[in-house]
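Respectively, the protein sequence lines represent chains R and W.
The working numbering numbers the first residue of the first sequence as 1 and each following residue consecutively.
The working numbering numbers the first residue of the second sequence as 1001 and each following residue consecutively.
Cβ atoms here follow ideal geometry from the backbone N, Cα and C, with glycine treated the same way.
Quick caveat: nothing in here was measured; it's all calculated off a predicted structure.
Protein chains: 2
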Amino acid sequence: MSTPPARRRTRTDAERNRDRVLDAARALFAASGHDVQMSEVARAAGVGVGTLYRKFPTREALIEAVAEHRAVEIVATARRLTGAGDPADGLARFLHHMGEVLADDRGMSEVVEKAMGSSEPREETREALLAIAAELIDRARASGAVRQEVTTEDVNMVICGLAAVIRNAAGDWRRYIEVALDGLRSR
Amino acid sequence: MSTPPARRRTRTDAERNRDRVLDAARALFAASGHDVQMSEVARAAGVGVGTLYRKFPTREALIEAVAEHRAVEIVATARRLTGAGDPADGLARFLHHMGEVLADDRGMSEVVEKAMGSSEPREETREALLAIAAELIDRARASGAVRQEVTTEDVNMVICGLAAVIRNAAGDWRRYIEVALDGLRSR
DNA sequence: CATAATACGGAATAAGGAATCCGGATTCCG
DNA sequence: CGGAATCCGGATTCCTTATTCCGTATTATG
């Protein structure tokens, strides 16, 4: 009989480093998008690349982890919007919130543009985001604030466009949202 | 006194090769966007990379040349739209035409998304595209088909979004256009 | 503390691709 | 035709970056 492995607790410095990496990545991705070098992230985190890779075995994994974080925040806000307040402008508020987030996070705008687009297999959180958005849309439609024939897909396209507009600094994204909402609204 | 250089005519094969490269690039960029390797373009053109690079000294140059071509076509169509027909739906037709083009040319959708966005120094043709679009918008506004306060920038954002929607296969882009137009239209 | 178990840093490696170079064709001109 | 004058092909050079490796340094336990 072999004695059970009896794992040690994960080292505190390891944990600390993981947080540092995540923080650094968040900041860099937000500021410059995802085309940042791993070594740059490591440097910003005050850590060696080796360490970075032990925490996140792949560039993709890091991006994913960071995006996940933001997605959770967005979902939380969205839920708040579905819970309280006039269902008629829940959708409007959601779009504006989305805009605020994306405007401050280039990396996220890249992710959202793709996420709202492709119908690829999405992972949990992103799925949740889509779901909550769908609920907001349903409510808006039910309340008559939005036309009957508006679909979830319609709004997803609007969001995809919003992400692009913001990412390219195409103009005042709040106006974009207004136009889109007017297009969705009942006449 | 030295005799003047007396240039020869450019070789016919050289000219032919240039066309081949351009054609191949057009096809590849349209099908897969701009992340195609130079060697791939060369192969498709039935030419060595060396030749490709003599015609277009840089990847950027090639992309630019190809985009230029399409942009000219679009401008031509746009002019036709400003010339004849109900000024009220010239804008609508323009957007739909844009959609058709972008849907068949991924590379172009990438270019357009950026072009309608950043206010970077644009080169001639792209400038012309913006100008003609602006004219279409002015007419639509003048005819009352579009709200008074709609700006060129508003429409540019819509186009930027359109490009993103198409590039990401986010859904039925025709619906996106309808929503946007409804948002711009007078109530 | 002693020691095993973990984690660290960052040089080295691996790959992918753009751009260059040059010996060998082709084409033009008289 | 007979040389230039031009152009070709594609192996090769250069760079940029992600990812791996391993000798050291740190930390958790008893």
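For the alpha helix (DSSP H) holding residue i, just list the boundary residues, first then last.
i, result
"R1007 (chain W)", "First-last for R1007 (chain W): undefined, no H or E at that position."
"E64 (chain R)", "R59 to G83"
"V1179 (chain W)", "W1173 to L1184"
"S39 (chain R)", "M38 to A45"
"G161 (chain R)", "T152 to R167"
"V1146 (chain W)", "Neither: V1146 (chain W) is in no alpha helix (DSSP H) and is coded neither H nor E."
"A1024 (chain W)", "T1012 to S1032"
"G1050 (chain W)", "V1049 to K1055"
Among residues of its own chain, excluding the 5 on either side of residue i, which ones have a beta-carbon nearer than 8 angstroms to its beta-carbon?
i, result
"V146 (chain R)", "L91, I137, A140, L184, R185 and S186"
"E73 (chain R)", "V101"
"I1132 (chain W)", "V1075, A1078, R1079 and T1082"
"T58 (chain R)", "none"
"L129 (chain R)", "A71, I74, V75, A78 and A115"
"Y1053 (chain W)", "M1038"
Is it buried or exposed for residue i, if we count other Cβ within 10 angstroms and need 16 for buried?
i, result
"E1110 (chain W)", "buried"
"V1155 (chain W)", "buried"
"P1087 (chain W)", "buried"
"A1142 (chain W)", "exposed"
"A1024 (chain W)", "buried"
"R1016 (chain W)", "exposed"
"G48 (chain R)", "exposed"
"A1031 (chain W)", "exposed"
"G85 (chain R)", "exposed"
Among the residues of its own chain, which have a CB less than 6 angstroms from the CB of residue i, if the five just before and after it don't count?
i, result
"R1026 (chain W)", "V1066"
"A1103 (chain W)", "I1166"
"M116 (chain R)", "N156, I159 and C160"
"M1 (chain R)", "For M1 (chain R), the predicted structure reports a pLDDT of 48, less than 50, and the residue's modelled location is therefore unreliable. The matter cannot be settled from this model."
"F29 (chain R)", "V66 and G107"
"A1045 (chain W)", "R1020, V1021 and A1024"
"F1094 (chain W)", "A1078, L1081 and L1136"
"H1097 (chain W)", "T1077"
Near residue i, which residues of its chain fall below 7 angstroms by C-beta distance, leaving aside the five closest residues on each side in sequence?
i, result
"E1068 (chain W)", "T1125"
"G33 (chain R)", "R106, G107 and E110"
"A164 (chain R)", "E113"
"V1036 (chain W)", "L1028 and F1029"
"G1144 (chain W)", "S1186"
Check whether chain R comes within 8 angstroms of residue i, counting only Cβ atoms and requiring the distance to be less than that.
i, result
"A1131 (chain W)", "no"
"V1101 (chain W)", "no"
"V1112 (chain W)", "no"
"A1169 (chain W)", "yes"
"R1175 (chain W)", "yes"
"R1187 (chain W)", "yes"
Residue i CB to nearest chain W CB: under 8 angstroms?
i, result
"D154 (chain R)", "yes"
"A88 (chain R)", "no"
"L158 (chain R)", "Contrary to the premise, residue 158 (chain R) reads as Val rather than Leu in this sequence. For V158 (chain R), the answer is yes, since a Cβ of chain W falls inside 8 angstroms of its Cβ."
"G183 (chain R)", "yes"
"M116 (chain R)", "yes"
"G144 (chain R)", "no"
"G33 (chain R)", "no"
"A163 (chain R)", "yes"
"A180 (chain R)", "yes"
Under the criterion of a Cβ to heavy atom distance below 7 angstroms, does residue i qualify as lining the ligand GDP?
i, result
"V49 (chain R)", "Only the bare structure without any ligand can be found here, which leaves the ligand GDP out of the picture."
Margin query: As an exercise, report each continuous alpha helix (DSSP H) stretch of at least 4 residues that is fully enclosed by the segment 99 to 128 of chain R, in chain order.
Written below: Runs found: 106 to 117.
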